[in-house]
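Residue numbers (my numbering), protein chains in the order written: chain A, 8 to 433; chain B, 37 to 111. For glycine and all other residues, C-beta sits at the position ideal for the given N, C-alpha and C.
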């Protein structure tokens with residue numbers, strides 16, 4: 008009986024999702040959505056999310072560390088336990104001295120990545136943003152190319168949703184139609200305009216262009232005329248305004264601008280999108296991690312640090328080659344670090360987006376749980392590997408044997424503040 | 037972090053690292069081939085170099101884990 012009720016509830020929720028919450032076809036973009044230009048810099052949605060994450064971390068740190076007492080209670084207990092746990096983990100792997108030395112940086116990386124990943128799962132991410140008017144942009148691109156008097160140099164793909172304008176706020180309709188328009192390399196701007204007129208007429212009105220054999224995107228004068236007439240007959244359809252601008256070869260008329268009196272064709276550029284679903288952000292993190300590793304290496308070993316990579320070929324040619332490979336691997340780590348984090352988080356966000364589109368309400372829940380876990384694991388992977396490389400950078404080649412069996416391999420019950428013998432010797 | 041999470045993190049990290057090394061080797065090799073017209077010389081060099089870097093870097097990366105497993109008492 009119980010099972011039947013649950014089954015009915017699940018099916019009803021799924022059905023309700025399909026009927027009332029059908030989202031428009033998702034559009035997957037790899038780079039962060041450009042929101043504003045500030046001088047030479049572009050503020051993207053992922054950058055905004057990074058700042059948001061920092062803000063949350065700073066506010067949390069301020070709130071949780073107010074009124075500290077010697078005998079902790081409540082929130083202070085929680086903070087001390089979390090920080091203590093992280094420190095213990097790091098000391099267990101790196102030893103007391105190095106663990107404390109690296110703690111500030113690596114714990115910051117860990118908390119920032121963890122918080123960035125988890126905040127990215129909140130529902131207001133990828134949902135609210137500014138609209139980018141693609142309907143007008145297509146026309147402007149064509150006009151711009153027409154003024155240059157050359158065919159298009161590269162492919163353009165436009166993807167937009169039908170959006171309702173309600174007092175300065177645009178809303179994507181439930182189950183909104185998707186408008187797609189392509190301009191290919193080598194297309195003539197005039198022909199692209201004709202194709203655009205036909206595409207708009209097909210999208211907004213009942214007009215359908217007759218099929219022509221052979222050439223795609225090439226319409227006869229009658230087709231374009233019929234398409235324009237269909238657009239003008241419908242009050243809600245977009246209107247082409249005559250004037251100096253781009254000349255349609257089929258009509259012989261010049262158009263200056265395009266107006267969208269009813270629904271417009273636009274795309275949402277969200278204010279916030281998971282911070283690490285952008286390769287630029289993860290690359291930034293990886294470069295910062297790389298700089299820290301090199302800094303610690305030089306700090307500990309001085310210029311002897313370079314001796315790890317550059318070995319005299321007359322002494323040991325094989326080690327010279329291994330040193331060269333190690334040098335390469337230092338740089339490949341940056342790429343590997345950035346792609347690992349980006350790949351995992353981006354794939355997760357795409358999975359959520361597609362699943363929400365296919366089956367809203369119930370199905371994405373399991374994936375949300377999985378993504379929470381992936382977010383944690385990726386934060387652990389990033390900080391753990393950073394720690395391992397940092398240890399590798401601060402230990403010279405001669406220390407390797409000493410280190411064995413001392414700094415590592417403490418089992419579960421090992422005392423966390425254990426000091427490795429190699430360090431006590433100093 | 038549970039005792040299982042550290043090895044998992046090591047292995048996940050190493051997996052991506054191997055993949056990156058080999059893919060980068062191939063991609064850079066392909067690019068050098070198309071730039072010089074010496075196909076398949078640089079692609080082969082790229083693959084071999086990528087594998088070598090993967091082996092050396094991967095060994096360094098997994099060394100702490102290998103030691104940890106060595107030190108753990110066997111049942």
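DSSP lists 139(A) as the bridge partner or partners of residue 274(A).
Any Cβ of chain A closer than 8 Å to the Cβ of residue 48(B) would place that residue at the interface, and such an atom is present. Within chain B, 52, 56 have C-beta atoms less than 8 Å from the C-beta of residue 346(A), given in sequence order. For residue 84(B), not one C-beta of chain A is nearer than 8 Å to its own C-beta.
A distance of 8 Å or more separates the beta carbons of residue 391(A) and residue 296(A). The beta carbon of residue 384(A) sits closer than 8 Å to some beta carbon of chain B. Minimum Cα-Cα distance from residue 33(A) among the listed residues 375(A), 274(A), 255(A) corresponds to 274(A).
Sequence-distant partners of residue 355(A) (beyond 5 residues in either direction) whose C-beta falls short of 7 Å from its own C-beta, in its chain, are 378, 381.
A straight line joining the alpha-carbon of residue 63(A) with that of residue 187(A) spans about 38 Å. Residue burial annotation: residue 95(B) is exposed, with fewer than 16 other C-beta atoms found within 10 angstroms of its C-beta.
Under the Cβ distance rule, residue 399(A) counts among the residues neighbouring chain B, one pair being separated by less than 8 Å.
Within chain B, 42, 100 have C-beta atoms less than 8 Å from the C-beta of residue 100(A), given in sequence order. Taking CB atoms only, residue 65(B) has no neighbour in chain A less than 8 Å away. Chain-order list of chain A residues neighbouring residue 93(B): 332, 333, 335, 336, 337, 339, 340, 343, by C-beta distance under 9 Å.
Within the same chain, and ignoring the five residues on either side of residue 69(B) in sequence, the residues whose Cβ sits closer than 8 Å to its Cβ are 75, 76, 77, 78, 79. Within 10 angstroms of the beta-carbon of residue 106(B) lie fewer than 16 other beta-carbons, which makes it exposed. Residue 196(A) holds the alpha-carbon nearest to the alpha-carbon of residue 160(A) among 196(A), 261(A), 268(A). Taking C-beta atoms under 8 Å as the contact rule, residue 68(A) and residue 127(A) fail to qualify, at a distance of about 20 Å. Contact between the stretch 348-366 of chain A and the stretch 30-48 of chain A is present, with at least three C-beta pairs closer than 8 Å. Residue range 246-254 is occupied by the beta strand (DSSP E) that includes residue 246(A). When DSSP states are grouped into helix, strand and coil, residue 84(A) belongs to the helix group.
With respect to the 8 Å criterion, residue 60(A) and residue 282(A) are classified as neighbours on the basis of their beta carbons. Look at residue 121(A): its C-beta is not under 8 Å from any C-beta on chain B. Taking 8 Å as the cut-off, the beta carbon of residue 93(B) is found closer than this to the beta carbon of residue 336(A). Of all alpha-carbon atoms in 91(B), 99(B), 100(B), the one lying nearest the alpha-carbon of residue 333(A) is that of 91(B). Cβ-Cβ distances below 8 Å link residue 203(A) to 145, 146, 149, 188 in the same chain, with the five nearest sequence neighbours on each side left out; the list follows chain order. Residue 17(A) has its alpha-carbon roughly 25 Å from the corresponding atom of residue 183(A). Using beta-carbon distances, residue 45(B) counts as an interface residue toward chain A, with a partner under 8 Å. Of the residues 340(A), 339(A), 315(A), 9(A), the one whose Cα lies closest to the Cα of residue 328(A) is 315(A). Residue nearest to residue 29(A) within the set 395(A), 366(A), 278(A), 388(A) is 366(A) (criterion: CA-CA distance). In this structure residue 101(A) does not touch residue 92(A) by the C-beta definition: roughly 15 Å separates them, more than the 8 Å allowed. Chain A places no beta carbon closer than 8 Å to that of residue 68(B), leaving this residue out of the contacts. Rounded to the nearest whole angstrom, the C-alpha separation of residue 8(A) and residue 22(A) is 21 Å.
For residue 87(B), there are no C-beta contacts with chain A under 8 Å, since the nearest C-beta of that chain is about 10 Å from it. The C-alpha of residue 210(A) lies about 19 Å from the C-alpha of residue 227(A). Counting only Cβ-Cβ distances below 8 Å, residue 391(A) has contacts in chain B at 42, 45, 46, 49, in chain order.
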